[in-house]
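Those protein sequence lines, which keep their order, are chains A and B. The letter at position 231 of the first sequence is residue 216 when you use this note's numbering, and the numbering goes up by one with no holes. The letter at position 283 of the second sequence is residue 268 when you use this note's numbering, and the numbering goes up by one with no holes. The C-beta atom is built at its ideal place from N, Cα and C for all residues, glycine as well. Here's the structure we're looking at; comments come further down.
2 protein chains.
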Amino acid sequence: MLAIFNDIKAELQMLENELEKTLHDADSLIQEASTHLINAGGKRLRPAFCFLGAKFHNYSPERVMNLAVALELIHMASLVHDDVVDSSVTRRNIPTVKSIWGNKVSSHLGDYLFGQSLKLIATYQNRDIGKTLADTSVKMSEGEIAQLAAVNQMDQTLKNYFYSIKGKTALFISDSCYLGAIACGAPVRTWQSLKKYGNNIGMAFQITDDIMDLVADQKRIGKPVGSDLRQGVITLPVIYALKNSNRKEELGKIISGNDKGIEMIERACEIIISSGGIEYADEIARKYVDKALNEIKYLPDVPAKSTLEQVAEFIKIRNF
Amino acid sequence: MLAIFNDIKAELQMLENELEKTLHDADSLIQEASTHLINAGGKRLRPAFCFLGAKFHNYSPERVMNLAVALELIHMASLVHDDVVDSSVTRRNIPTVKSIWGNKVSSHLGDYLFGQSLKLIATYQNRDIGKTLADTSVKMSEGEIAQLAAVNQMDQTLKNYFYSIKGKTALFISDSCYLGAIACGAPVRTWQSLKKYGNNIGMAFQITDDIMDLVADQKRIGKPVGSDLRQGVITLPVIYALKNSNRKEELGKIISGNDKGIEMIERACEIIISSGGIEYADEIARKYVDKALNEIKYLPDVPAKSTLEQVAEFIKIRNF
């Protein structure tokens, strides 16, 4: 657990138990693969946002626990489906679930986890929760597919990039921030602030994730540096470098070329870094963080507010 | 459209329009891939069952159209996710969506279609519809994963087989038969008969599908004969032959072996057929059909009842 979440330590512990309980009765292969997923950890960011958002009005853990578990299950499902790899991409970058159980299990296990989340969401009287998550799940897929459609396309625009990351990341983080408040019956003004906070935090989060893919060391992020580049996914620093680097032609050739071995990817990273693309992307991420902070300025001063502020500040510094 | 569905011709035409409308605003890659799926056709069996079930009580097309579209979208989603192939299986038997757009698009497109279905289901006041489909989607994945877990396992029991096909096929067909009735406010006795009818029809449907995979010619079923065998999926006639054929050792060797070329698969089919496995499976399918017919015996004599009876009879004869 991130130290930042000390205030919701008890809730996050309950969440772990509930996650295990949800998957307890499953068949052996499902249980094995999903236990693997639960133990692989993750920051439980979405449930944490859900608890924090809920704390602004009439909070009780029972009101939001099913939702929090559902959010983490949807997140896990999307990770597992992300593990599904095209054979052409498989060779150098094999993700975990797929590498152990194969594409077919990844595909059906994701559906299983998603189905379990639907069962939990169906326990809520308030139909807005289900409707919102249905909308978001469509947009998450649209974001992912938009990203796939843009693979290796050198002329990708900022607009495409922001559209894609909003769909694949920001909307769902936004939902996590405000649906907990809705489940506790918070007033419109409260949940709308949380919704906007979440959207901006989500954008910042994905941009810094994309930065880290280029600059962090493998040990820290748990995957090889440049894995986006290797898959032809063109992120914000890359868009900047393709436009502004004095070695942009060289970079373009690497991205559109077939040789994406370690040496080539390292050279591409170096071009992007020396172009100033990282600072550029970081600047934009910081602007989103500031917008997020601004959105919750007028919310009541409960302890959760200060945690949300710390999360925002944390995103600002996490890449360096 | 199957001639059997003449009575719901208008509804099925409306369904096609609604399917197209649902996917009309999508991004180009999604639209292209899902238009491909819609045009690939399919019998629209699940929406047809939904309309037919709805006709027993207070029917109007508006009450069930969103549900009918959602059912077809869930079915399409499951087909697309089924297209996701492990590299080890890819070589000889490449399904359509995966073969054109790759595993990653298949994975996200399935999620997209599923998400769209959730949006339609969320339009219903009656929460039982969403709850039932959430339950079923979990069980569908469980059925698929159980089947994957049993791949190449020669000691597969009848119990495993029936568990797997109930989850992956029968439950969802059952839902299609009775949720339309629920959406129209049918009394318990009516929708429970339809539910049981659907479950039995679904079992019979999957068993005959498994038979056809062994005996029908490629042109008729649109895929090479023996594709289950090639993937190590052990179906009812195979279970029978592995127990009763006088060439059971030879069959076992082919199934567990690495050479699953055309010649080997043809030899396996021949062993299964000459063992009497087809007649055995057919007999069980017929029993399910009779059970299905029995379940709706006391329903009111509306025209939809006679269509449901014809569908049942049709399943009895479709393999020969």
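(1) Can you have a look at residue 25 of chain A and say buried or exposed, based on whether 16 or more other CB atoms are within 10 angstroms of its CB?
(2) Could you tell me if residue -4 of chain A is buried or exposed, where buried requires 16 or more neighbouring beta carbons within 10 angstroms of its beta carbon?
(3) Could you name the residues of the same chain whose beta carbon sits closer than 7 Å to that of residue 49 of chain B, not counting the 5 residues immediately before and after it, in chain order?
(4) Between the Cα of residue 141 of chain B and the Cα atoms of B/219, B/3 and B/196, which residue gives the shortest distance?
(5) Quick check on DSSP: helix, strand or coil for residue 136 of chain A?
(6) Please list the terminal residues of the continuous alpha helix (DSSP H) segment that includes residue 223 of chain A.
(7) If you pair each beta-carbon of the region 93 to 111 of chain B with each one of the region 47 to 63 of chain B, do three or more pairs fall below 8 Å?
(8) Between the Cα of residue 114 of chain B and those of B/291, B/56 and B/283, spot the shortest distance and give me the residue it belongs to.
(9) With 16 as the cutoff for other CB atoms within 10 Å, does residue 152 of chain A come out buried or exposed?
(10) Under three-state DSSP, which class holds residue 281 of chain A?
(11) With a Cβ-Cβ cutoff of 8 Å, do residue 239 of chain A and residue 253 of chain A count as a contact?
(12) Helix, strand or coil for residue 76 of chain A? Go by DSSP, reduced to three states.
(13) Classify residue 246 of chain A: buried if its beta carbon has 16 or more other beta carbons within 10 angstroms, exposed otherwise.
(14) Would residue 31 of chain B count as contacting chain A if we go by Cβ distances under 8 Å?
(15) Compare the beta carbon distance of residue 131 of chain B and residue 96 of chain A with 8 Å and say whether it is the shorter of the two.
(16) I'd like the list of long-range same chain contacts for residue 94 of chain B, defined as Cβ closer than 6 Å, with 5 residues on each side in sequence excluded.
(17) Can you give me the start and stop residues for the alpha helix (DSSP H) that residue 258 of chain B sits inside?
(18) For residue 223 of chain B, is the classification buried or exposed, using 16 other Cβ atoms within 10 angstroms of its Cβ as the cut-off for buried?
(19) Report yes if the C-beta distance between residue 211 of chain B and residue 199 of chain B is below 8 Å; otherwise report no.
(20) Using a Cβ cut-off of 8 Å, which residues of the region -6 to 21 of chain A contact any Cβ in chain B, in chain order?
(21) Just checking, does the region 261 to 273 of chain B make contact with the region 184 to 192 of chain B on the three C-beta pairs under 8 Å criterion?
(22) Any idea what DSSP makes of residue 13 of chain A, helix, strand or coil?
(23) Any C-beta of chain B sitting closer than 8 Å to the C-beta of residue 78 of chain A?
(24) Given a threshold of 16 other Cβ atoms within 10 Å of its Cβ, counted over all protein chains shown, does residue 47 of chain A qualify as buried or as exposed?
(25) Spatial neighbours of residue 158 of chain B within its chain, please: C-beta separation below 8 Å, excluding the five flanking residues on both sides.
(26) For residue 100 of chain A, would you say it is in contact with chain B, using Cβ-to-Cβ distances shorter than 8 Å as the test?
(27) Where does residue 193 of chain A sit, in a helix, a strand or coil, going by DSSP?
(28) Here's the rule: buried if 16 or more other CB atoms are within 10 angstroms of the residue's CB, otherwise exposed. What is residue 146 of chain A?
(29) Could you work out which residues of chain B lie near residue 116 of chain A, taking near to mean beta carbons separated by less than 9 Å?
(30) With 8 Å as the limit, tell me which residues of the region 133 to 164 of chain B have their beta carbon closer than that to any beta carbon of chain A; keep them in chain order.
(31) Residue 139 of chain B and residue 262 of chain B: beta carbons closer than 8 Å?
(32) Our contact map puts residue 88 of chain A next to residue 88 of chain B with C-beta atoms below 8 Å; I'd like the distance itself, whole angstroms only.
(33) I want to see whether chain B comes within less than 8 Å of residue 198 of chain A, judged by CB atoms only; does it?
(34) Using a Cβ-Cβ cut-off of 6 Å (strictly less than) and excluding sequence neighbours within five positions of residue 70 of chain B, which residues of its own chain qualify?
For this structure:
(1) Counting Cβ neighbours within 10 Å, residue 25 of chain A comes out exposed, since fewer than 16 surround it.
(2) With 16 or more other Cβ atoms within 10 Å, it is buried.
(3) Closer than 7 Å at the Cβ level, and outside the excluded window around residue 49 of chain B, lie 35, 36, 39, 165, 168 and 169.
(4) Closest in alpha carbon position to residue 141 of chain B, among B/219, B/3 and B/196, is B/219.
(5) Residue 136 of chain A: coil per DSSP, three-state reduction.
(6) Per DSSP, residue 223 of chain A belongs to the alpha helix (DSSP H) from 221 to 229.
(7) Taking one beta carbon from each stretch, the region 93 to 111 of chain B and the region 47 to 63 of chain B have 3 or more pairs nearer than 8 Å; the two touch.
(8) For residue 114 of chain B, the closest C-alpha among the options B/291, B/56 and B/283 is that of B/56.
(9) It is buried - the Cβ of residue 152 of chain A has at least 16 other Cβ atoms within 10 Å.
(10) In the structure shown, residue 281 of chain A sits in coil (DSSP, three-state: anything other than H, G, I, E or B).
(11) Going by C-beta atoms, residue 239 of chain A is nearer than 8 Å to residue 253 of chain A.
(12) Here residue 76 of chain A scores only 32 on pLDDT, less than 50, and its place in the model should not be relied on; the value that follows carries that caveat. Here DSSP, grouped into helix, strand and coil, assigns residue 76 of chain A to coil.
(13) Result: exposed.
(14) Chain A contact via Cβ: absent.
(15) Remark: C-beta atoms of residue 131 of chain B and residue 96 of chain A do not approach each other more closely than 8 Å.
(16) Only 18 and 65 meet the Cβ criterion.
(17) 247 to 260 is the extent of the alpha helix (DSSP H) around residue 258 of chain B.
(18) Its Cβ being crowded by 16 or more others within 10 Å, residue 223 of chain B is buried.
(19) In this structure, residue 199 of chain B lies closer than 8 Å to residue 211 of chain B by Cβ.
(20) If the cut-off is 8 Å between Cβ atoms, the region -6 to 21 of chain A has 11, 12, 13, 14 and 15 near chain B.
(21) The answer is yes - the region 184 to 192 of chain B touches the region 261 to 273 of chain B, with three or more Cβ pairs under 8 Å.
(22) Three-state result, residue 13 of chain A: helix.
(23) Here residue 78 of chain A scores only 41 on pLDDT, less than 50, and its place in the model is too uncertain to base an answer on.
(24) Residue environment analysis places residue 47 of chain A among the exposed positions, since fewer than 16 neighbouring C-beta atoms fall within 10 angstroms of its C-beta.
(25) If the five residues before and after residue 158 of chain B are omitted, its C-beta is found closer than 8 Å to the C-beta atoms of 30, 31, 34, 183, 184, 186, 187 and 190, all from its own chain and listed in chain order.
(26) By this cut-off, residue 100 of chain A is an interface position.
(27) Collapsing the DSSP output to three states places residue 193 of chain A in a helix.
(28) Residue 146 of chain A is buried by the Cβ-count criterion.
(29) Close partners of residue 116 of chain A in chain B (Cβ separation under 9 Å): 103, 104, 107 and 108.
(30) Of all residues in the region 133 to 164 of chain B, 133 and 134 have a Cβ within less than 8 Å of some Cβ in chain A.
(31) Taking C-beta atoms as the reference points, residue 139 of chain B and residue 262 of chain B fail to come closer than 8 Å.
(32) About 6 Å separates the two Cβ atoms, so the contact holds.
(33) With 8 Å as the cut-off, residue 198 of chain A does not count as an interface residue toward chain B.
(34) Sequence-distant partners of residue 70 of chain B (beyond 5 residues in either direction) whose C-beta falls short of 6 Å from its own C-beta, in its chain, are 83.
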